[in-house]
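Worksheet for the structure shown next.
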Amino acid sequence: MKKYIFYYLLLALLIACKGNVNQQDLIGKWNYISYEYQNKSLNKPYANIALQTPFIVFNIDGSAAIYSSGKVLSKGSYQLDGKIIKYTEVLPDGQKRKIPFLIKELNDKQLIFQTMDAEVKIITAAKERN
Numbered sequence: 378m379k380k381y382i383f384y385y386l387l388l389a390l391l392i393a394c395k396g397n398v399n400q401q402d403l404i405g406k407w408n409y410i411s412y413e414y415q416n417k418s419l420n421k422p423y424a425n426i427a428l429q430t431p432f433i434v435f436n437i438d439g440s441a442a443i444y445s446s447g448k449v450l451s452k453g454s455y456q457l458d459g460k461i462i463k464y465t466e467v468l469p470d471g472q473k474r475k476i477p478f479l480i481k482e483l484n485d486k487q488l489i490f491q492t493m494d495a496e497v498k499i500i501t502a503a504k505e506r507n
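All you need for the numbering used here is the position in the sequence shown, starting with 1, plus 377.
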């Protein structure tokens with residue numbers, strides 16, 4: 378009986394650990410490869426990723442920035458809460474806007490995350506190697 382309890386606790390621990398993302402794994406530059414709307418019926422034009430070369434950078438100090446077409450689109454800070462990236466964008470007038478992202482998959486080569494608003498967008502990005 379004790380053996381089964383041990384295995385049950387071990388399994389529960391492994392499942393619980395799987396739900397969190399390590400900040401160290403997120404740090405770096407992530408180049409967007411593709412994106413799509415979760416709701417396929419949305420009739421919205423897709424940006425040309427090859428032309429705009431969008432990417433997001435997560436820094437070790439908790440700062441982050443989103444770039445496209447060689448320009449900064451957004452700057453702010455982030456915190457991890459399980460699989461949620463809590464991004465706080467600092468707007469030009471100094472106001473702040475909270476934008477959560479859900480991490481669907483993260484490994485040393487690829488990040489798949491999605492917006493958490495009404496028009497859910499799923500973004501796939503590749504980690505840039507130095």
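Ideal Cβ positions, reconstructed from N, Cα and C, are used throughout, including at glycine.
For Glu505, same chain residues with a beta-carbon under 6 Å away, outside a window of 5 residues either side, are Lys406, Asn408 in chain order. 8 Å or more divides the Cβ of Ile426 from the Cβ of Ala502. As computed with DSSP, Arg474 is found in a beta bridge with Glu466.
Taking every protein chain shown into account, the CB of Pro469 has fewer than 16 other CB atoms within 10 angstroms, so this residue is exposed. Counting along the chain, no alpha helix (DSSP H) covers Ala503; the unbroken beta strand (DSSP E) around it starts and ends at 498-504. Cα atoms of Ser451 and Ala441: separation of roughly 8 Å, rounded to the nearest angstrom.
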